[in-house]
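Following: one structure in structure tokens, then a few remarks.
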Ligand SMILES: [Zn+2]
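Dropping the structure here:
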């Protein structure tokens, strides 16, 4: 059953809650706060924060509130991210709720994944099935050496029958040796409703469950990536077919790899349609996770469209399958993108050089510098010296902060505590760094689209949190 939350009613009533961990550092003090949320005469959400509160009463309130499931915050470390993330874990810093494990980087990422597991952070093995079945993906480093790879990019017939069973046994064996808590089902890029991969992927998912169970890994979760073009998933007929096809699969969450969608491809129509698509999928009753969604993913979480988000470490904020579907250039060489500096106050990135110049402008250190001593003790300098750590800590904090806000209040909370001030601050930021202009436009566009959604929908369905729980078979 899909969960429904009545957003407007929750705001019309005076509601109160308090948070001990502010979601968006810089706007809230780190002390517990009492907040009142209500609609004013213009039907806009007001949020008032009262810091002078009687702590005894707060403690009593805290005891009455059940601890909600955490929203999912997954990072996909690339070739050079493992050392920073490991350091953060060892220092007891939060990096999110899960890590995506790349089987081609198993040697590099082993220590990081061991420590993550030890601390209760999910480790999710990616089979790289999309790489293994596309011309561009197959050429990537290490892919063709995977035990379940073919000698050419896979086509559906390569993974049907006993060949599929063998491949799933090999994948389950890797889950076991890696000690992973979950695995992405080996799903493939689907072109249309008649695509043979749809049936094959369903069968492979059953076989993977059997192979895991056969090894005593009943507790390992299976997440099912839906890899499609956005236009296809917006088609209600296709969606209905897909939902019917997913019925009965032993999956614990649906991951959305929707091309093209992400922070830089979330114009008004794209964002509205993505949210509508998610709400249509809520009927499946499994958590949704927006892959490569980045900053716009936080908005999707706040509005209940998804229960988890995933991105790279300062990169991979959008899904683009073009490089998989096209043959690689013959002279193309792999390169690791340099980390970017995350301006958390407005949810945007700058490359290292621009960030350096940006912070020399008057007022920018104060407004955009990190003020968390547990994240960047030297403020804006640490944001530049260790951009990966700053980003991972901030993103984890943003998601964890939303998790503690009651479901029905998250959308209004996000609008008032992040989007409105971010838009205002972006205005000054582009005077210092004109290349931030698209980021400012994006924020304004989201504000319009999301504000309209909040006004139009007094109640909407909400994804279950992607909290790493075993669901088993969907009905
Ligand atoms: Zn920081």
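Residue numbers (my numbering): 16 to 490.
Cβ coordinates follow ideal geometry from the N, Cα and C atoms, glycine included.
Look at which beta carbons fall closer than 5 Å to any heavy atom of ligand 1; those residues are 385, 390, 391, 405.
Excluding sequence positions up to five before and after residue 351, its CB lies within less than 7 Å of the CB of 93, 94, 95, all in the same chain and listed in chain order.
For the pair residue 265 and residue 203, the CB atoms are not nearer than the 8 Å cut-off. Scanning its chain for C-beta atoms nearer than 8 Å, with the 5 sequence neighbours on each side dropped, one finds around residue 403 the residues 96, 99, 100, 328, 329, 354, in chain order.
Proximity to residue 382 across 395, 371, 389 peaks at 395, based on C-alpha coordinates. In this structure the segment 331 to 338 does not touch the segment 293 to 300; the number of beta carbon pairs closer than 8 Å is below three. In this structure, residue 138 places its C-beta atom within 8 Å of the C-beta atom of residue 128. In the DSSP assignment, residue 228 falls outside any beta strand (DSSP E) and within the unbroken alpha helix (DSSP H) covering 211 to 229.
For residue 479 against residue 322, the beta-carbon gap comes to about 5 Å, under 8 Å, which counts as contact. At a Cβ-Cβ threshold of 8 Å, residue 361 and residue 285 do not count as neighbours.
Beta-bridge pairing by DSSP links residue 327 to 91. In this structure the segment 434 to 448 lies against the segment 365 to 376, because at least three pairs of beta carbons, one per stretch, are closer than 8 Å. In terms of Cβ geometry, residue 308 and residue 282 do not form a close pair [threshold 8 Å]. Bounds of the beta strand (DSSP E) holding residue 197 are 197 to 199.
Counting the other Cβ atoms within 10 Å of the Cβ of residue 167 gives fewer than 16, which makes it exposed. The continuous alpha helix (DSSP H) containing residue 466 extends over residues 452 to 471. According to the DSSP secondary-structure assignment, residue 116 is paired through a beta bridge with 140. The segment 152 to 168 makes no contact with the segment 192 to 199: fewer than 3 CB pairs, one atom from each, lie closer than 8 Å. When the beta-carbon positions are compared, residue 213 and residue 174 stay at least 8 Å from each other. An exposed status is given to residue 345, since fewer than 16 other beta-carbon atoms sit within 10 Å of its beta-carbon. Given a length threshold of 3 residues, each whole run of the beta strand (DSSP E) inside the segment 363 to 409 is given here in chain order: 363 to 365. Under the DSSP assignment, residue 240 falls outside any alpha helix (DSSP H), being part of the beta strand (DSSP E) whose first and last residues are 236 to 244. Counting the other CB atoms within 10 Å of its CB gives residue 280 a total of 16 or more, which places it among the buried residues. Sequence-distant Cβ neighbours of residue 458 in its own chain, meaning closer than 6 Å and more than five residues away, are 437, 438, 441. With a threshold of 16 other beta carbon atoms within 10 Å, residue 216 meets it and is buried. Taking a contact as a CB-CB distance under 8 Å, the pair residue 302 and residue 268 counts as one, their CB atoms being some 4 Å apart.
Note on residue 432: 16 or more other CB atoms within 10 angstroms of its CB, so buried under the neighbour-count rule. About 13 Å separates the Cβ atoms of residue 227 and residue 182, ruling out a contact at the 8 Å cut-off. The Cβ atoms of residue 356 and residue 422 do not sit closer than 8 Å to each other.
Residue 153 carries a helical assignment under DSSP once its states are collapsed to helix, strand and coil. With a threshold of 16 other beta carbon atoms within 10 Å, residue 252 falls short and is exposed. Annotated three-state conformation of residue 274 is strand, per DSSP.
Here DSSP, grouped into helix, strand and coil, assigns residue 18 to strand.
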